[in-house]
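Protein chains in written order, with our numbering: chain A, -5 to 506; chain B, 1238 to 1554.
Yeah, the Cβ is synthetic: ideal placement off N, Cα and C, and Gly gets one too.
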């Protein structure tokens, strides 16, 4: 029996009124990728923080490399070789890659001053270990998210790392970026590093993890080798009930009738080069593609939040002329953005104000906001979308991710009578909330709303969409029927079109 | 305790207000013990007269801070407006009806210009209003270096008028605050200030006319500075190009002490009113106790830091 890198026994954590960890046993062996699963609020983050020294448990014991420990600070844990990479990356956007990687260990020269040259050399060495090509001189905010994440991982490799904790690293990346991340995880595993991997994407667990531990309400609901549990068993353990079906039934008849939205040859910036898509009333249209393929930008242009350089957008047969979100909202469009905290919600304001934000006119009587009316609408939406909140006065910042997302559905379902654009609608929400969101989306479509849904999760795109557009490098690479789509078909379209374009570019170079 | 808190929540009374109100009551009680002249009708009459100018400027500052901005031009704007009003009225005392609205329009326009510049130039409001403050200050001094001008009797009388023993100016101030509170809570434009202050990008994506709201908030701050100048000129009888200088920073104290956060989106005018009362009463009491003004500055500084730290700890919980 190998000594685990870290072993937690009967760990307890209690706050007034809540007990996020209730006698949790958890162990990670060296050279193992251990997946940590659970709904939001199941206790995953608390467990991570306990391991990383950010939280001190109320009870239980912890052993690190066979010796009992009790971290006094995150710094102590990091010195000992535990590195936690949170979902929100801890980087300095204005500083260079090298400065960020060596933030804790700036190399000094003979005079005791920080040596720029040594810093870049060391940083470059670490990055090459990871197999990524990132300039050490680049500023963090100039990098795509995937590269930023690699910088964060590089930080972990500066010192000796024995335990690496990754909290939902794939939430912000996709495709080959995920592959690169996984390659690096496998390499670290082969070097004997213990890895804790938190993800909501079950497919990834099967691909990368050796063992899995499932948390439910602060307790361990199950643990064991990945192969011993099926996908459905994992879901059942996570939600504590059986999910017969994750995706609601598709409509039997395909949507017909005139298109509510018709986008032709759209061009905008360097991300959107030639996009033609359409949505009919009552239809769920998926947009698949890599992060950075221009999906979000297309949505923003349709909603009027981004300028277009060419092409046309027809809504109900008419050109949308004034290009601003206000105009779109007036026309019955809604846009549930990818980044709900920065581009959607007002976290410091109550649910009621958040629901009514785009439609203050709708509750204004004789120039004054009708508070009772506002409250009633909010209550109705809380009920309609099963938001777990005691009253409409609760501040949205105090809700869980899934409930925040439901508040946004509560808002936009009232406004988007014709077309609702969803950008990663289930990002960062737990599986139970996901299932509810899928129902909501399907119900809205049944009521005749056209849905345009962007998602990085292929099972979700396939499970929900009537038609799927696959985007790549600012182009629509192809259209697939939702009922017969497979993940392979979608990926194939995306990748093949990239290859072709690169091939064309290479040929052009040869000619020149 | 938690039951009390729950009860307050139900009545939509923010805990921030309660904290300031408790501080205020403590101050009044302490004042009653420490000085026999403090808890008198006469003193409170004076006190209310004193706080009108600060109250008005702080109200304007509240709108801008709620928006996530700051207005450092208010002090200079008050000075310039007093100079304008006093000199205009010295020239034509009969045109009171014209002078005051003219001053208000000009102050509002300068405020609106501040807001517009933050949008068009995309420069931080701190910089825009700091620059504007300097421009107004210099411009006023070019025109007039010393206090001067005069006001007609009717305006001076207004400043000392009392209704049932309460200064009319204080009644007007409270009425304006009430109106402002109603506007912020119950009107579309007022509510929008919270949206834009809470998250500007989210506000835009919710179809709110963000630019218009920004300009409006700064314009209101200008309007409030203009109103403050009217109160001030009425009381002093002259236009003084330096009188408002200290007001700029003083106007921020009651806002933050009252629980409005500098990042925007949270707070309100009731907190500011309580903050103004707290600051003014404290200075008033310290005067009675013959505490030197140096100490008063120190104590006011402590109050800011302590009050705001109480608000933030509470929020973190």
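> Going along the chain, which residues of its own chain have a beta-carbon closer than 8 Å to the beta-carbon of residue 1429 (chain B), five neighbours each way excluded?
Replying inline: The residues are 1440, 1445, 1446 and 1450.
> residue 367 (chain A) by DSSP, collapsed to three states: which one?
Replying inline: If DSSP states are grouped into helix, strand and coil, residue 367 (chain A) belongs with the helices.
>> Just verifying my parser: in three-state terms, what is the DSSP assignment at residue 1548 (chain B)?
In response: The answer is helix: DSSP assigns residue 1548 (chain B) an H, G or I state.
>> So, with DSSP's three-state summary, where would you put residue 1298 (chain B)?
In response: Reduced to three states, the DSSP call for residue 1298 (chain B) is helix.
> chain B partners of residue 362 (chain A), CB-CB under 7 Å?
Replying inline: Per Cβ cutoff of 7 Å: 1423 and 1424.
> Can you tell me whether DSSP reads residue 1293 (chain B) as helix, strand or coil?
Replying inline: Helix, per DSSP.
> Where do the ends of the alpha helix (DSSP H) carrying residue 1497 (chain B) lie?
Replying inline: No alpha helix (DSSP H) holds residue 1497 (chain B); DSSP gives it neither H nor E.
> What runs of the alpha helix (DSSP H), each 4 residues or longer, lie entirely inside the segment 44 to 82 of chain A?
Replying inline: DSSP runs (the alpha helix (DSSP H)) wholly in the segment 44 to 82 of chain A: 68 to 73.
>> Given this structure, state the Cα-to-Cα distance separating residue 1375 (chain B) from residue 1290 (chain B), to the nearest angstrom.
In response: Each residue's Cα considered, the two are about 22 Å apart.
> Which same chain residues, not among the five before or five after residue -4 (chain A), have their C-beta less than 7 Å away from its C-beta?
Replying inline: Hits under 7 Å: 23 and 24.
> What are the partner residues of residue 1574 (chain B), as DSSP defines its beta bridges?
Replying inline: The shown model of chain B, from 1238 to 1554, leaves out residue 1574 (chain B), and the question about it has no answer.
> Got a sec: is the Cβ-Cβ distance from residue 242 (chain A) to anything in chain B below 8 Å?
Replying inline: By this cut-off, residue 242 (chain A) is not an interface position.
> I think residue 1494 (chain B) touches residue 1415 (chain B), with their Cβ atoms under 8 Å apart; what is that distance to the nearest whole Å?
Replying inline: Contact between residue 1494 (chain B) and residue 1415 (chain B) is absent: CB atoms are separated by about 20 Å, not below the 8 Å threshold.
>> If contacts are defined as beta-carbon pairs under 8 Å, then residue 1509 (chain B) and residue 1312 (chain B) qualify, I think. What distance do you get, rounded to the angstrom?
In response: For residue 1509 (chain B) against residue 1312 (chain B), the beta-carbon gap comes to about 17 Å, at or over 8 Å, which does not count as contact.
> Candidates A:142, A:153 and A:204: which alpha carbon is nearest residue 100 (chain A)'s?
Replying inline: Comparing Cα-Cα distances from residue 100 (chain A) to each of A:142, A:153 and A:204, the minimum goes to A:153.
> Taking one C-beta from the segment 258 to 274 of chain A and one from the segment 376 to 384 of chain A each time, how about it: are there three or more such pairs within less than 8 Å?
Replying inline: Taking 8 Å as the limit for Cβ pairs, the verdict is that the segment 376 to 384 of chain A does not touch the segment 258 to 274 of chain A.
>> Once DSSP output is grouped into helix, strand and coil, what is the label at residue 1521 (chain B)?
In response: Three-state DSSP puts residue 1521 (chain B) in a helix.
>> Taking CB distances under 8 Å as the criterion, tell me whether residue 331 (chain A) reaches chain B.
In response: It does: the Cβ of residue 331 (chain A) has a partner Cβ on chain B nearer than 8 Å.
> What are the complete alpha helix (DSSP H) segments, minimum 4 residues, inside the segment 255 to 304 of chain A?
Replying inline: The alpha helix (DSSP H) runs lying completely inside the segment 255 to 304 of chain A and spanning 4 residues or more are 289 to 297, given in chain order.
>> List, from N- to C-terminal side, the beta strand (DSSP E) runs of 3 residues or more that fit wholly inside the segment 1297 to 1357 of chain B.
In response: Under the rule that a run must span 3 or more residues, no beta strand (DSSP E) segment is found entirely inside the segment 1297 to 1357 of chain B.
>> Going by the DSSP bridge assignment, what does residue 1384 (chain B) pair with across the sheet?
In response: Answer is none; residue 1384 (chain B) lacks a bridge partner.
> Hey, residue 488 (chain A) and residue 471 (chain A) are a contact pair by Cβ (cut 8 Å); roughly how many whole angstroms apart?
Replying inline: Taking the Cβ atoms as the reference, residue 488 (chain A) lies roughly 6 Å from residue 471 (chain A), within the contact range of under 8 Å.
> What are the boundary residues of the beta strand (DSSP E) that residue 217 (chain A) is part of?
Replying inline: Note, residue 217 (chain A): beta strand (DSSP E), 213 to 219.
>> Contact criterion: CB-CB distance below 8 Å. Does residue 403 (chain A) meet it with respect to chain B?
In response: No - not a single Cβ of chain B is within 8 Å of the one on residue 403 (chain A).
> If we call anything under 8 Å between Cβ atoms a contact, is residue 210 (chain A) one with residue 21 (chain A)?
Replying inline: Cβ distance not < 8 Å, so residue 210 (chain A) and residue 21 (chain A) don't count as in contact.
>> What are the residues in the segment 1494 to 1518 of chain B lying within 8 Å of chain D by C-beta distance?
In response: Checking the listed chains, one finds no chain D in this structure; the protein chains it contains are A and B.
> Is residue 194 (chain A) buried or exposed, if buried means 16 or more other CB atoms sit within 10 Å of its CB?
Replying inline: The residue in question, residue 194 (chain A), is buried, as its Cβ has 16 or more Cβ neighbours within 10 Å.
> Name the chain B residues that come within less than 8 Å of residue 320 (chain A), Cβ to Cβ?
Replying inline: By Cβ distance, chain B contributes 1444, 1445 and 1446.
>> Looking only at its chain, what residues have a beta carbon closer than 8 Å to the beta carbon of residue 237 (chain A), apart from the 5 residues adjacent to it on each side?
In response: Bear in mind that a pLDDT of 49 at residue 237 (chain A), under 50, signals an unreliable position, so the number given afterwards is only what the model happens to contain. For residue 237 (chain A), the CB contacts under 8 Å within the same chain, skipping 5 residues up- and downstream, are 226, 229, 230, 425 and 429 in chain order.
> Using CA coordinates, which residue listed in A:486, A:310 and A:288 is at the minimum distance from residue 302 (chain A)?
Replying inline: With distances taken between Cα atoms, residue 302 (chain A) lies closest to A:288.
> Looking at the structure shown, is residue 1258 (chain B) part of a helix, part of a strand, or coil, going by DSSP?
Replying inline: Three-state DSSP puts residue 1258 (chain B) in a helix.
> If you draw a straight line from the alpha carbon of residue 66 (chain A) to that of residue 47 (chain A), how long is it in whole angstroms?
Replying inline: Here the alpha carbon of residue 66 (chain A) sits roughly 6 Å from the alpha carbon of residue 47 (chain A).
>> Pull the bridge partners of residue 158 (chain A) from the DSSP assignment, please.
In response: Paired residue(s): A:77 and A:189.
> Are any of the Cβ atoms in chain A nearer than 8 Å to that of residue 1418 (chain B)?
Replying inline: No, its Cβ sits nowhere closer than 8 Å to a Cβ of chain A.
> Any idea if residue 1549 (chain B) is buried or exposed, counting beta-carbon neighbours within 10 angstroms, 16 or more meaning buried?
Replying inline: With fewer than 16 Cβ atoms within 10 Å of its Cβ, residue 1549 (chain B) is classed as exposed.
> So is residue 405 (chain A) buried or exposed if we call it buried at 16+ other beta carbons inside 10 Å?
Replying inline: Buried, since its Cβ has 16 or more Cβ neighbours within 10 Å.
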